[in-house]
Amino acid sequence: MADTTATNTNAAKYDFSTSTISAEDYKAVQAEREEFAKKQLAANNEFMFQHYARLLRDMDVSWERVTKANVILERKQRRAQAKQRRESLRTRK
């Protein structure tokens, strides 16, 4: 899969790691998912309803990846905060 391979070059513009995400990316995916759900409910015929259902199924896979990446990011931030706290306690001793 193209989106799971990480680049090793320093000139890469983006970090292609699947375990990193920004808050803006998370909110963007969430908004797109909600938008398609609304469009599905507003569909005026069966074809469009099924079309949005297929899109939502595919987006659910992406949503799972986004949620996992967000959890990893939150854990990373908590570890960094705990590390800073430990360092500050060590320096006070």
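Counting from 1 along the sequence shown, just add 226 to a position and that's the residue number in my numbering.
Ideal Cβ placement from N, Cα and C applies to all residues, glycine included.
Taking the alpha-carbon positions, what's the Gln-256 to Trp-289 distance?
-> 8 Å
Contact between the region 263 to 273 and the region 289 to 300 is defined here as three or more beta-carbon pairs at a separation below 8 Å; is this criterion met?
no
Worksheet item: Arg-259: which of Arg-311, Leu-282 and Lys-309 sits nearest, CA to CA?
Response: Leu-282
### Message
Please report the straight-line C-alpha distance between Thr-293 and Tyr-252, rounded to a whole angstrom.
### Response
8 Å
DSSP state of Ser-288 mapped onto helix, strand, coil
helix
Between Glu-261, Asp-286 and Ala-295, which has its C-alpha nearest Ala-249's C-alpha? Ala-295
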